[in-house]
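Residue numbers (my numbering), protein chains in the order written: chain A, 1 to 224; chain B, 1 to 225. Here the structure comes first, spelled out in structure tokens, and everything after it is commentary.
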């Protein structure tokens, strides 16, 4: 029970820090917006084409954005010298990871939700009829991105060139999420939408595998 | 020194014998004729590379558990050697694919996941160069190595089920698959030769890493006095 109590206290701290400045959310949203607009210049989408590749673009933009957004996750603690205090304050260091990945998932989801209407308008894809399925995919994929990203940002924060390093470590690791989420989203945005359960299950498996790995090895990531 | 020279000679002999088998003993293939002979090199190197990465994964786990520097040395050695073998695979693949399929590269499951695997281990080596302190470097890179290795089957599954010219597995690929008996013998001999070569390279690289850490130790002691 102490794990849950610790996690919720730390999650409160993460959310408070972010919503005081809203730095992360604003920069992430603006970044995704810029990428989506730039894509449209690079490809000049028509309505039929955009059904084909818009979902891929969306996930690529989200992946790039998340590799930037996850950067300050542990860097902030490092710069403010608060990591040791955090570690001392909880009995199980897994709580630190759980809180951070929950916060990151929430931020990513918020950014996705705010951008979805814009994406639908810009790329002319109907999202309303399949909104609930999209939300499920967004949630599971954002969770996966956040689990892997939180773990790796703990690694990259301790290295040189950390700003460049995180995307290099994270993006290849997230290929399964990109491939599967893009495919599932594509079939949802199809003329005759259908749900790919196998894909949704697959993202779920990714989440479980990496969450287990983080649970097993997380404490070593924070060793002094 | 003499020992490694002798072992080196044996390794060269084995690899040479495997090449002889691939070129002269193995029969021609039905559709690709002589062209397929690169297979003995390509697939055997792939197996050896995968084994090297598996060795790296085990060494990573052992390091996290035991915190012994020698596991870190094994991990870096096998990661570098594995990367060399997978690079060979990624180069011989297109050489074979161009005449056989008509294109150098296709985004099929095994090619793409091998490429992602290659990228992951490049990142692993890159990470190692960016952490100064040796204990921290060993621990953090071991943890990244573990995450990367866990990711490999997931990457493969994702690409296989959602992006599908690579032939179906010929060996251990279920009914209908299989090699001609002579081909099989030559292939497994090539696999053996490549594994011996891999083990030899890892051992040599390990020795180098040990010398490097010893040198570092001596230098530090000299600076202290």
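Just so it is clear, CB atoms sit at the ideal spot from N, CA and C, and this is done for glycine as well.
To which residues of the same chain is residue i closer than 8 Å at the C-beta, ignoring the five residues directly before and after it?
{"i": "residue 175 of chain B", "result": "Note on residue 175 of chain B: pLDDT 47, under 50, position unreliable in the model; no value is reported."}
{"i": "residue 49 of chain A", "result": "43"}
{"i": "residue 57 of chain B", "result": "145, 146, 149"}
{"i": "residue 122 of chain A", "result": "36, 37, 40"}
Apart from the five residues just before and just after residue i, which ones in its own chain have a Cβ nearer than 6 Å to its Cβ?
{"i": "residue 196 of chain A", "result": "184, 187"}
{"i": "residue 173 of chain B", "result": "Low confidence applies to residue 173 of chain B: its pLDDT is 49, below 50, so where it sits in the model is not reliable, and the reading given next is rough at best. No residues qualify anywhere along the chain."}
{"i": "residue 92 of chain A", "result": "3"}
{"i": "residue 45 of chain B", "result": "85, 88, 89, 194"}
{"i": "residue 35 of chain A", "result": "61"}
{"i": "residue 78 of chain B", "result": "52, 55, 56, 202"}
In chain B, what lies closer than 9 Å to residue i by C-beta?
{"i": "residue 219 of chain A", "result": "By Cβ distance, chain B contributes nothing, its closest Cβ being about 10 Å from residue 219 of chain A, past 9 Å."}
{"i": "residue 202 of chain A", "result": "154, 157, 158, 161, 162"}
Classify residue i as buried or exposed, calling it buried when 16 or more other Cβ atoms lie within 10 Å of its own Cβ.
{"i": "residue 3 of chain B", "result": "exposed"}
{"i": "residue 216 of chain B", "result": "exposed"}
{"i": "residue 77 of chain A", "result": "buried"}
{"i": "residue 165 of chain B", "result": "No answer about residue 165 of chain B holds up, because its pLDDT of 45 lies below 50 and its placement is not dependable."}
{"i": "residue 59 of chain A", "result": "buried"}
{"i": "residue 205 of chain B", "result": "buried"}
{"i": "residue 107 of chain B", "result": "exposed"}
{"i": "residue 176 of chain A", "result": "buried"}
{"i": "residue 23 of chain A", "result": "exposed"}
{"i": "residue 6 of chain A", "result": "buried"}
{"i": "residue 209 of chain B", "result": "buried"}
{"i": "residue 128 of chain B", "result": "buried"}
{"i": "residue 172 of chain A", "result": "buried"}
{"i": "residue 12 of chain A", "result": "exposed"}
{"i": "residue 80 of chain A", "result": "exposed"}
So with CB distances below 8 Å, who are the chain A contacts of residue i?
{"i": "residue 64 of chain B", "result": "217, 220"}
So with CB distances below 7 Å, who are the chain A contacts of residue i?
{"i": "residue 130 of chain B", "result": "159, 160, 161, 165"}
Quick one: which chain A residues come within Cβ less than 9 Å of residue i?
{"i": "residue 127 of chain B", "result": "155, 156, 159, 165, 168, 169"}
Considering only residues of the same chain and omitting the five flanking positions on each side of residue i, which have a CB-CB separation below 7 Å?
{"i": "residue 14 of chain A", "result": "99, 100, 103"}
{"i": "residue 95 of chain B", "result": "38"}
{"i": "residue 195 of chain B", "result": "48, 51"}
{"i": "residue 125 of chain A", "result": "50, 51, 54, 189"}
{"i": "residue 180 of chain B", "result": "27"}
{"i": "residue 42 of chain B", "result": "89, 92, 93, 96"}
{"i": "residue 73 of chain A", "result": "100, 104, 150, 153"}
{"i": "residue 206 of chain A", "result": "144, 176, 177"}
{"i": "residue 194 of chain A", "result": "187"}
{"i": "residue 147 of chain A", "result": "101, 207, 210, 211, 214"}
At a CB-CB cut-off below 8 Å, which residues of chain B make contact with residue i?
{"i": "residue 223 of chain A", "result": "139"}
{"i": "residue 198 of chain A", "result": "161"}
{"i": "residue 209 of chain A", "result": "150, 154"}
{"i": "residue 173 of chain A", "result": "120, 147, 148, 151"}
{"i": "residue 213 of chain A", "result": "146, 147, 150"}
Just the chain B side, please: which residues come within less than 7 Å of residue i by C-beta, in chain order?
{"i": "residue 179 of chain A", "result": "158, 159, 162, 163"}
{"i": "residue 183 of chain A", "result": "162"}
{"i": "residue 151 of chain A", "result": "147"}
{"i": "residue 206 of chain A", "result": "154"}
The ligand MN and residue i: does any heavy atom of the ligand fall closer than 6 Å to the residue's C-beta?
{"i": "residue 67 of chain A", "result": "The ligand MN is not among the ligands present in this structure, which contains no ligands whatsoever."}
What residues in the region 112–125 of chain B bring their beta carbon closer than 7 Å to a beta carbon of chain A?
In summary, the residues of the region 112–125 of chain B whose CB is separated from some CB of chain A by less than 7 Å are 116, 119, 120, 123, in the order they occur in the chain.
Alpha helix (DSSP H) segments (min. 4 residues) lying fully within the region 57–100 of chain A:
72–79, 83–89
Chain A contacts made by the region 133–167 of chain B, where a contact means CB separation under 8 Å
136, 139, 140, 143, 144, 146, 147, 148, 150, 151, 154, 155, 157, 158, 159, 161, 162, 163
What runs of the alpha helix (DSSP H), each 4 residues or longer, lie entirely inside the region 158–206 of chain A?
Complete alpha helix (DSSP H) runs here, min 4: 162–173, 175–188.
Quick check on the DSSP output: what are the complete beta strand (DSSP E) runs of length 3 or more inside the region 8–39 of chain A, in order along the chain?
List check, beta strand (DSSP E) in window: nothing returned.
Ranges of the alpha helix (DSSP H) found wholly within the region 118–205 of chain B, counting only runs of at least 4
134–162
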